[in-house]
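**Q** Counting the sequence shown from 1 gives a position; my numbering is that position plus 30.
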Amino acid sequence: MAVSKNKERAPAGARGGSRSRGKPPGKAGGNRQLWAVVLFASAVFFLCVALIKGSNIWSALHNFMFGIFGVCAYIWPFLLGYVAIICALDHSGTKVGNKIWESALMLVFIGAAIDIFSQPKGSKGFFAYISGQYSQGMVKNGGGFLGAVLGYPLGSLFGKTGAGIIIILLIFVLLMFITGTTLIALFKTIWKPVKHIEKTAKRRQERYAEEEAQQQRKPQFAIDLPTGYENEFEPYKQESKPEKISDKQKHLIDAYRSEEIITGRTKKSESKKKNAPVDVPLDEIISKAGTTLPDEVAYTPKKGKLSSSEQAAIAAEIRQTAGIRVDSADAGAYRYPPVSLLDKPKKPSGANVSEELKSNAARLVETLRSFGVETRIIDISRGPAVTRYELQPSAGVKISKITNLADDIALNLATAGVRIEAPIPNKAAVGIEVPNKITSVVNMRDLLESSQFLASKSRLSVALGKDIAGNVTLADIAKMPHVLIAGATGSGKSVCINSIIISLLYKASPEEVKLLMIDPKVVELGIYNGIPHLLVPVVTDPRKAAGALGWAVTEMLKRYKLFADANVRDLKAYNRLCERKDGMEKLPEIVIIIDELADLMMAAPNEVEDSICRLAQMARAAGMHLVIATQRPSVDVITGIIKANIPSRIAFAVSSQVDSRTILDMGGADKLLGKGDMLFSPVGSAKPVRVQGCFVSDKEVESVVEFVKGREQRQQYDEEIMEEIEKQAVAEKGAKRGAGADETDTGDEMLPQAVECVVEAGQASTSLLQRKLKLGYARAARIMDEMEQRGIIGPFEGAKPRQVLLSRQQWLEMRARND
């Protein structure tokens, strides 16, 4: 029965326990929130009473509150607010009444402290003193009635000093109770920053000791090392001994390292070379690159008529501005064109481009970082159409990782395409060239008025444009000594040729430089007919073009014979000899300009190629130079022999990387923008230079040509040269007709089929002809010998098949002419 009673009572007890543990917590939680609201409202009420004096009952409450608490009346509302927040947030079961009494007691202790340290006790009695303090509290002075009740006995018993120590300790103990803080937690909070400082100092000492030990262990070599040797091994020092770092020390060490990076001053860096590279802020780099586009030069025309002396002075100034030699003896022979004939540069928008530069720089670094390539911007160069961002990769980063990301960079920058120059010559950096959103036009007049063009002494100096840094780019044809210009249609070749010719007209007189122009397209160079620099009218017939090149070869040989007779080596020495001796006539330099090589190669490939190669190999010392342009940069036009003898090249925009390699022997031209954007590779340069070509309009060309022609519109050409060109052309035409017709009309009747066979196969052999044409060995061997004599196939190479020297297109053109 007892057991059964216990079993029966247990559930009852459990139910009773569940009621005692389940219901009160919900009720207590609701009471705490209610207390929080009441206390918060009380805090707001007492704060308003303390701040607002009011009238009637409100004024009485105001005076009573300050009489009781003194200046602590301002603290009481905040203590109540703190208790309200504790009640709303604390779920540990802390009693609200205890917190209120603790806050009230804290207010009394603070009032007593104010009373002890501020009010002299004198000889007043207890009641008189507290009555006086009540009156003082009403005027907001002292600790009030409650402060005097506790402060007077403490001051009387222990004196001012002892009472002050006691009241401060009481405030400290009560503050610990109110906040719930323990002594251990307090000491940990105080000791934590001290411990961190101690660990940081110890860490620095260990690092300096390790660096000095590694410096002493560095191997000594028996050779003189460059000054930058030490820094080459710094990245490996940090990786050789990785140190373990606790989680608590990570933020301190990161802050320490960031401080070193920002300030750039450590014991190691101060003890080593002072010229180590320093990170330059991006804003400073952008300011150096130029954040605004250049404004137009102010020009104020002078009104009214000018006197004759003023006109002469202006004419002399114009000649001097154009870099032209003013010679009174030759003034009537050739009138140098003034730069006023060219258009002044249009005023740009003047827009600030710093935001564009900063945005692109940040995107570049972030894009490369997203692919695991850490870089930093070290310089920015803004050109007329393209901006180059120079990036320095971190140690261990391969250049190929950057160059392979060209398309990804273009995608992130939202641009048509980027060109990567890796590395930049004479710099430890990679250049990423990004098209500008706001482009500027390079005017011809800007270049002719530049100090570089004025200071150039060569009469064959020509203005090409401005490079990626905005500097004027000139070229001396005499030093090239020949140049090949190639690019797709509309990329800027014709404008480049016009700028070269205009530069020569501004720089040299007809007695110094002569021009021989060949224009199979008829319409490009015909405007220059009539200028005194031309030897003959512009040659437009491809048949005569081969004759003109043949005359150039003959003239070159004549000049070398004159040099040999005069015992000189080149044209400059010969002309200096002519100045010292009477009866000798100076020889002008000759520039041969061919506007479209592809058409000449189709009309007379062998003759044109032979003449160009002979001139390119030998004409430099004779003062004869080639400027060849073509819009079809293929291997059958720009042959290997022509490329080998013309070292200077200018590549405009092309459609494929194959065409770029045909021109420059490297890619890059396929990334150009067009409209004058070029890659200029002069002789001796390691890598081509990107240049924005200058623009010269048809109107400017007409103005300069009309001025150069002068009043005498009819130009007297050299009749002997014209007759020689005609003879060369007629003879060349007969030779072509005989050679071309005989190739198929004479010899073995199976020769055309044999040529067709070897051209299709790409190689030639006797066994091939035997199999394809079903010939015997003797006849096939004779046909092979005949094709070798005619230059269709190469010589015998043992067991290897012979090389076919004739392309299919050339063979079809040959058959078409013969038909």
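The beta carbon of each residue, even a glycine, is placed where N, CA and C say it ideally should be.
(1) Please check the pair ILE548 and VAL731, which I expect to be a contact at CB under 8 Å, by giving their CB distance rounded to whole angstroms.
(2) Excluding the 5 residues flanking PRO465 on each side, which residues of the same chain have their C-beta closer than 7 Å to its C-beta?
(3) By the DSSP assignment, the alpha helix (DSSP H) with THR433 in it spans what residues?
(4) Taking the C-alpha atoms as reference points, what is the distance between ASN528 and ARG679?
(5) If you measure between the beta carbons of PRO423 and VAL460, is that distance less than 8 Å?
(6) Where does the unbroken beta strand (DSSP E) through THR405 begin, and where does it stop?
(7) Would the region 154-174 count as touching the region 86-105 if we require 3 or more Cβ pairs under 8 Å?
(8) Using the Cβ count rule (16 or more neighbours within 10 Å means buried), how would you classify TYR807?
(9) Which one of GLU749, GLU541, SER797, MET817 has the shortest CA to CA distance from GLU779?
(10) If you run the structure through DSSP and keep just helix, strand and coil, what is THR445?
(11) For SER795, which beta-bridge partners are listed by DSSP?
(12) How would you call TYR366, buried or exposed, if buried means at least 16 neighbouring beta carbons within 10 angstroms?
(13) According to DSSP, which residues form a beta bridge with TYR419?
(14) Going along the chain, which unbroken runs of the alpha helix (DSSP H) with 4 or more residues stay wholly within the region 147-226?
(15) Looking at the secondary structure, which residues open and close the beta strand (DSSP E) in which GLN687 lies?
(16) Measuring CB to CB, does GLY517 end up less than 8 Å from LYS739?
(17) So ALA877 is in the beta strand (DSSP E); what residue range does that whole segment cover?
(18) Going by Cα to Cα distance, which pick from ALA811, THR211, LEU798, VAL735 is closest to TYR364?
(19) So, LEU656 versus ILE622, is the Cβ gap smaller than 8 Å?
(20) Give the straight-line distance between the Cα atoms of PHE593 and ASP625, rounded to the nearest whole angstrom.
(21) Below 8 Å, can you find three or more Cβ-Cβ pairs linking the region 663-675 to the region 477-495?
(22) Are PRO831 and ALA784 close, meaning C-beta to C-beta below 8 Å?
(23) Is it right to say LEU550 is buried, meaning 16 or more other beta carbons lie within 10 angstroms of its own, or is it exposed?
(24) Any idea what DSSP makes of LYS297, helix, strand or coil?
(25) Would you mind stating whether ALA576 and LEU546 have Cβ atoms separated by less than 8 Å?
(26) Express the C-alpha separation of ALA231 and PHE217 in angstroms, rounding to a whole number.
(27) Should VAL569 be labelled buried (16 or more other beta-carbon atoms within 10 Å of its own) or exposed?
(28) Is ILE668 buried or exposed, if buried means 16 or more other CB atoms sit within 10 Å of its CB?
(29) In the DSSP assignment, the beta strand (DSSP E) including ARG870 goes from what residue to what residue?
(30) Could you check what DSSP says for HIS92 in three-state terms: helix, strand or coil?
(31) Please list the terminal residues of the continuous alpha helix (DSSP H) segment that includes ILE532.
(32) Taking the Cβ atom as the reference point for each residue, do GLY522 and ARG412 lie within a distance shorter than 8 Å?
(33) With DSSP collapsed to three states, give me the class of ASN128.
(34) What number of angstroms, rounded off, separates the C-alpha of GLU639 from the C-alpha of LYS388?
(35) What number of angstroms, rounded off, separates the C-alpha of ILE507 from the C-alpha of LYS537?
(36) Which residue wins for smallest C-alpha separation from ILE146, given the options ALA846, ALA178, ALA134?
**A** Looking at the coordinates:
(1) Actually they are not in contact, since the Cβ atoms of ILE548 and VAL731 sit about 18 Å apart, beyond 8 Å.
(2) ALA415, VAL416, THR445, ALA446, LEU703
(3) 429-433
(4) Put simply, the backbone Cα of ASN528 is about 17 Å away from that of ARG679.
(5) yes
(6) For THR405, the enclosing beta strand (DSSP E) has its first and last residue at 405-412.
(7) yes
(8) exposed
(9) MET817
(10) In the three-state reduction of the DSSP assignment, THR445 falls in the coil class, being assigned neither a helical nor a strand state.
(11) DSSP, once it has assigned bridges, lists no residue as partnering SER795.
(12) Buried is the call here.
(13) ILE410, ILE462
(14) 156-168, 174-209
(15) Note, GLN687: premise wrong, no beta strand (DSSP E); alpha helix (DSSP H) at 687-694.
(16) no
(17) One cannot answer for residue 877 here, as it falls past the ends of the chain, which runs 31 to 849.
(18) VAL735
(19) yes
(20) Cα-Cα distance, rounded: 31 Å.
(21) no
(22) no
(23) A small correction: the amino acid at residue 550 is Pro; Leu does not occupy that position in the sequence shown. Under this definition PRO550 is a buried residue.
(24) A caution first: LYS297 carries a pLDDT of 41, below 50, which makes its placement in the model unreliable, though a value can still be read off. It is helical.
(25) No, they are not a contact pair.
(26) 22 Å
(27) Here VAL569 is buried. Its C-beta has 16 or more other C-beta atoms within 10 Å.
(28) buried
(29) The structure shown does not extend to residue 870, since the chain is modelled only from 31 through 849, so no value can be given for it.
(30) It is helical.
(31) 523-537
(32) Taking 8 Å as the Cβ cut-off, GLY522 and ARG412 do not qualify as a contacting pair.
(33) helix
(34) 51 Å
(35) Linking ILE507 to LYS537 through their CA atoms gives a straight-line distance of about 12 Å.
(36) ALA178
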